[in-house]
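These notes are about the structure you will find just below.
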Amino acid sequence: MNPEVALQRVGSFIVQFQQLEAQVNEIIVLLAGGNEEVTRILINELEFSKRLKTADVLHGYFFSLRGREHTTFRSDFHTLATNLERISQRRNELVHSSYHYWITHEKKLGLIRKNSRLRGAKGILEQVEEELLPESFEQDLEKVNDLSIQLEQCRQDLTSIIYADDPNEA
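Numbering-wise (my numbering), the sequence shown opens with residue 3 and increments by one.
Pasting the structure below:
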């Protein structure tokens, strides 16, 4: 197998992750319910983990204004935000690593991903190495796709609730 396919999978993961970021931004805009441009300016000043926390807090506030009948939406969104944080950590690992071509014992071509982290509390430099074949990315790509579907469902649910509250909104 061509190692370029593994590189394409890294790129595909990163581009699909950017779609998740855009979807989170759209949810924040919906939840903020005010001036869209101002909201987008503020969003762009936040790193992804801060956007997730902001969306989670806004989501809770949005539903607290509407009573307890929406507690399932609240709990589901918090779980979704947690899963998005996990996949963002994977994205950071992939983006901030170095890559080298590699050939397995079975003569398959792939990549070796290397990443170093300082563990200040432990006073050590941790080095992580991961062997990546093109199929290694299937699980990551499936997770991103699944999270994208969940975000879209959340956006649709929010839009339905906003329209139900005030047909002149959204």
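Where is the CB? At the ideal position from N, CA and C, for every residue including glycine.
Asked: Span of the alpha helix (DSSP H) around Leu54; Found: 50-66
Asked: CA-to-CA distance, Gln141 to His80, given in whole angstroms; Found: 22 Å
Asked: Contacting residues, own chain, Cβ-Cβ under 8 Å from Asp58 (five flanking each side not counted); Found: Phe79, His80, Ala83
Asked: Anticipated Cβ contact below 8 Å, Phe64 with Leu33, distance rounded; Found: 5 Å
Asked: 8 Å contact criterion, which Leu96 and Trp104 should meet: CB distance rounded; Found: Actually they do not touch by this definition, with Cβ atoms about 16 Å apart.
Asked: Chain-order list of residues whose beta-carbon lies under 7 Å from that of Gln152 (same chain, five-residue window excluded); Found: Leu82
Asked: First through last residue of the beta strand (DSSP E) which encompasses Leu111; Found: 111-121
Asked: Test item: CB-CB of Phe19 and Arg93 under 8 Å; Found: yes
Asked: At least three beta-carbon pairs within less than 8 Å, the stretch 134-150 to the stretch 9-16; Found: yes
Asked: Host alpha helix (DSSP H) of Glu108 (start-end); Found: Here Glu108 belongs to no alpha helix (DSSP H), and DSSP marks it neither H nor E.
Asked: Chain C within 8 Å of Glu144, Cβ atoms only; Found: Within the model displayed, chain C is absent; a lone protein chain is all it includes.
Asked: Assigned secondary structure, Ser77 (DSSP; H/G/I helix, E/B strand, else coil); Found: helix
Asked: C-alpha gap between Asp148 and Ala24, whole angstroms; Found: 15 Å
Asked: Cβ shell of Ile45 (< 7 Å), same chain only, five flanking positions each side left out; Found: Asn27, Ile30, Arg53
Asked: DSSP-derived helix/strand/coil call for Ser99; Found: coil
Asked: Between the CA atoms of His61 and Tyr165 - distance to the nearest angstrom; Found: 16 Å
Asked: Extent of the continuous beta strand (DSSP E) run through Leu134; Found: 126-134
Asked: Own chain residues within Cβ distance below 7 Å of Ile134, not counting five before or after; Found: Inspection of the sequence shows that residue 134 is occupied by Leu rather than by Ile. For Leu134, where only same-chain residues beyond five positions count, the Cβ hits under 7 Å are Ala8, Gly112, Leu113, Arg115.
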